[in-house]
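Input: a single structure, listed below in structure tokens.
Okay, here's the thing in structure tokens:
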């Protein structure tokens, strides 16, 4: 039975989650507020430099695009109840490495080697998901065979062919 505080917490979580999902399309267009042909942008949060991008607007667009993908795959992972939810960590890891590559613009590359850096994290996740999938399909096959055997026994009992 839910207590009143649990209902309030779930309501607050649901409202925050809904708010994040609702503002996602608006976050995608934040880059339009950046100056279109400037290498720096003075904001209340500090100065944003274009880094390896030509214009700061391109830099902000790249950051927010990757941030939105990280946010959405993170929400999907945290709210999923499916057995395969760990497979969501594969694109999440890729997007996270790409976001870090954009923020760390002094590294000189973006989206080039992120796959190779994230591979040590992705391989165990994929192996785990493959193993779980194998176990589920094996159990399903065994359950179907057991069901056939039970149905045969019931049919024999009902037909008096013992």
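Residue numbers (full-length UniProt numbering): 1 to 162. Backbone N, C-alpha and C define an ideal beta-carbon position, used for all residues, glycine too.
Candidates the options, of which the one nearest residue i by Cα
i, options, result
"residue 63", "31, 90 and 142", "31"
"residue 95", "80, 46, 70 and 116", "70"
"residue 27", "7, 148, 152 and 61", "61"
"residue 53", "103, 8 and 92", "103"
"residue 83", "46, 101 and 128", "128"
Simplified DSSP assignment, three categories, for residue i
i, result
"residue 44", "coil"
"residue 144", "helix"
"residue 153", "helix"
Proximity below 8 Å, CB of residue i to CB of residue j
i, j, result
"residue 90", "residue 68", "no"
"residue 78", "residue 24", "no"
"residue 21", "residue 66", "no"
"residue 125", "residue 86", "yes"
8 Å Cβ shell around residue i - same chain, five flanking residues per side excluded
i, result
"residue 56", "34, 35, 38, 39, 40, 41, 48, 49 and 50"
"residue 17", "75 and 79"
Residues near residue i by beta carbon distance below 7 Å, same chain, minus five either side
i, result
"residue 88", "73, 76, 77 and 80"
"residue 171", "Residue coverage of the chain in this structure runs from 1 to 162, which leaves residue 171 outside it and unanswerable."
"residue 44", "none"
"residue 93", "118, 121 and 122"
6 Å CB neighbourhood of residue i in its chain, flanking five on each side removed
i, result
"residue 156", "none"
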